[in-house]
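Asker: Just so we're aligned: 519 in our numbering is position 35 of the sequence shown, and the numbers increase by one with no gaps anywhere.
Think of the CB as a built atom: it goes at the ideal place given N, C-alpha and C, for glycine as much as any other residue.
A quick note: this is a predicted structure, and the numbers were derived from the prediction, not measured.
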Amino acid sequence: MATYQFLTFVLPRKPIEKKYGGIPKQLEIKHAEWEKYWENYDVELNEATEPEFEDAISTKWWKGIQINIAELRNEIDQIIPRATWNNESWKIENGEVDHDLSIDYNEKENFIEDFRFRTDLRDSKLNFLNSMLELCDRNDWILMDENGNLCNPNIRELAKLLKNSKAHLFITNPTEFFDNLK
485 MATYQFLTFV
495 LPRKPIEKKY
505 GGIPKQLEIK
515 HAEWEKYWEN
525 YDVELNEATE
535 PEFEDAISTK
545 WWKGIQINIA
555 ELRNEIDQII
565 PRATWNNESW
575 KIENGEVDHD
585 LSIDYNEKEN
595 FIEDFRFRTD
605 LRDSKLNFLN
615 SMLELCDRND
625 WILMDENGNL
635 CNPNIRELAK
645 LLKNSKAHLF
655 ITNPTEFFDN
665 LK
């Protein structure tokens, strides 16, 4: 992952409200468990096994959510070009900006398993980010950062999450960013 990109997960609002009786400020992400999971992941098999733990990333929030995946893909195609290597990935990388988006869609069971995008913080035009925020707002989806912090899909709330991100630190103070890696 490029250090100047801000990772954002897209989640449907209703299942979270139902589970928690509202939208909490943060959901738990078990970073240590994910590290173990990826250490034991067998690239040769090229098939993901389900994690043996539950957190905000492993929970199937989209299961039971009716979505027209073809329509969603078409909407995303209007925002960002489709990547050549995968039908479920989109990417803009032209030297000036580097945004990407991916959806893992379970065709067999008809639900989104994972929906995420990364915003290049060097992009001052914000076209990609604003388009994603509009898409999420229209569909009653919320956003989550890599630490499980939740926000509504608007620039003001997302900016609060961005200010505490590693990507923001890298852009604003690269020396401190690298010192923190030690």
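Would you call the segment 619-639 and the segment 580-589 in contact, with 3 or more CB pairs under 8 angstroms?
Answerer: The segment 619-639 vs the segment 580-589: no contact.
Asker: Around the C-beta of D604, are 16 or more other C-beta atoms found within 10 angstroms, so that it is buried, or is it exposed?
Answerer: Counted from its first residue, the sequence shown places residue 604 at position 120. D604 should be labelled buried.
Asker: Determine the burial state of I639: buried for a count of at least 16 other Cβ atoms within 10 Å of its Cβ, exposed for fewer.
Answerer: On the sequence shown, residue 639 is found 155 positions in, with the first residue counted as 1. When all chains shown are included, I639 counts as exposed.
Asker: Just to confirm the assignment, what range does the alpha helix (DSSP H) spanning N558 have?
Answerer: Counting from one through the sequence shown, the residue named residue 558 turns up at place 74. Its alpha helix (DSSP H) spans residues 553-563.
Asker: Do you know offhand how far K592's Cα is from E536's?
Answerer: Sequence index remark: in the sequence shown, residue 592 carries index 108 (1-based). Sequence index remark: in the sequence shown, residue 536 carries index 52 (1-based). For K592 and E536, the distance between alpha carbons rounds to 22 angstroms.
Asker: My guess is that I553 and Y589 are in contact by the Cβ rule of under 8 angstroms, so how many angstroms apart are they, rounded?
Answerer: Here residue 553 corresponds to residue number 69 of the sequence shown, with the count starting at 1. Here residue 589 corresponds to residue number 105 of the sequence shown, with the count starting at 1. 5 angstroms between Cβ atoms; contact.
Asker: For the structure I just gave you, are there three or more beta carbon pairs, one from the segment 505-512 and one from the segment 609-625, closer than 8 angstroms?
Answerer: The answer is no - the segment 609-625 does not touch the segment 505-512, with fewer than three Cβ pairs under 8 angstroms.
Asker: Counting along the chain, where does the beta strand (DSSP E) carrying W522 start and finish?
Answerer: In the sequence shown, counting from the first residue as 1, residue 522 sits at position 38. Not the beta strand (DSSP E): W522 falls in the alpha helix (DSSP H), residues 515-523.
Asker: Put Y504 into one of helix, strand or coil per three-state DSSP.
Answerer: In the sequence shown, counting from the first residue as 1, residue 504 sits at position 20. In the structure shown, Y504 sits in a helix (DSSP, three-state: H, G or I).
Asker: In chain order, what are the residue ranges of uninterrupted alpha helix (DSSP H) at least 4 long that sit wholly in the segment 591-635?
Answerer: Runs found: 611-622.
Asker: Just to confirm the assignment, what range does the alpha helix (DSSP H) spanning L642 have?
Answerer: Position 158 of the sequence shown, counted from the first residue, corresponds to residue 642. It spans 639-647 - the alpha helix (DSSP H) in which L642 sits, taken as one unbroken run.
Asker: Using the three-state DSSP reduction, which class does K544 fall into: helix, strand or coil?
Answerer: If you number the sequence shown from 1, residue 544 lands on position 60. If DSSP states are grouped into helix, strand and coil, K544 belongs with coil.
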